[in-house]
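A.B. asks: For the sequence shown, the numbering used here assigns the number 941 to the initial residue and increments by one for each residue that follows.
Beta carbons: idealized from backbone N, C-alpha and C, even for Gly.
Starting off with a structure, shown below.
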Amino acid sequence: MKKYKFKLDALLKIRKIKEDQCKMHIGQLQVHLTNLREEVSQHNKDINEAFELQEQSLVGGASGLETRFHPYFVQGKRTHIQKIEEEINQFESKVQQMYARLNEFRADVKVIQEMKEKDQKKYKKDLDKRMNAEIEEQVQNWTQFNKANI
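Structure follows, in C-alpha cells:
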C-alpha cells in the first residue's frame, strides 16, 4: 500500500515559513519599539535631572553660561523626544500592518491544513474500503477452496 502524501505539502511548508518570517519581523519591530520607548524615558530622566541640577546651581550660585545653556538643552531633548515619538508611531503602524499580514498568512495555513486533514481522512477511508474488499475476497476464496476440498 502506498504511504499517504499530500500534494500541497510544499505549498503548506512555504506558507508556514512566510508566517514564521512575519512573526520574526514583528518581534524585531517590537524590540525596536521597546528600545525607542526606553530612549524616550531616558531623555525624560535627563530633563528632570537637568532641572534638579539647575535648581541646585541657582541655590549655590551659577554662572551666566550655565543659566543660558539649560533652556537650549531642555529644548533639544524635547525635540529629540518628539522625533522619537513620531518614529514610534510609524513603527506601531508597521506593526499593525504586519499583524494584518500575519492574520492572512495564518488563514492561508489553516485553509491548507484543513484541506490536508480532509484529504487524509478520505485517503484513510479509501484505504479501509480497499482492505475490507481484499479481506472479503480472501474469505470468499478460502470458503470456496474449503468447499472444493470437502
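With a threshold of 8 Å between beta-carbons, can arginine 1046 be considered close to chain C, or not?
C.D. replies: Given the protein chain composition of this structure (a single chain), no chain C is represented.
A.B. asks: Kindly indicate which residue of Lys1087, Val1049, Gln1022 has the alpha-carbon position closest to the one of lysine 958.
C.D. replies: As a position in the sequence shown, residue 958 is number 18, starting the count at 1. If we check each option's Cα against that of lysine 958, Val1049 comes out closest.
A.B. asks: What's the C-alpha gap between arginine 955 and glutamine 1030?
C.D. replies: By 1-based counting over the sequence shown, the position of residue 955 is 15. By 1-based counting over the sequence shown, the position of residue 1030 is 90. About 27 Å.
A.B. asks: Counting only the same chain and skipping the five closest in sequence on each side, list residues whose C-beta sits under 8 Å from that of glutamine 1060.
C.D. replies: Within the sequence shown, numbered from 1, the residue matching residue 1060 stands at position 120. Closer than 8 Å at Cβ, skipping near neighbours: Tyr944, Phe946.
A.B. asks: Along the chain, which unbroken stretches of the alpha helix (DSSP H) at least 4 residues long are found entirely within the stretch 989-1059?
C.D. replies: Listed in chain order, there is nothing to give.
A.B. asks: Could you check what DSSP says for lysine 945 in three-state terms: helix, strand or coil?
C.D. replies: Reading the sequence shown from its first residue, position 5 is the one you call residue 945. DSSP places lysine 945 in coil when its eight states are reduced to three.
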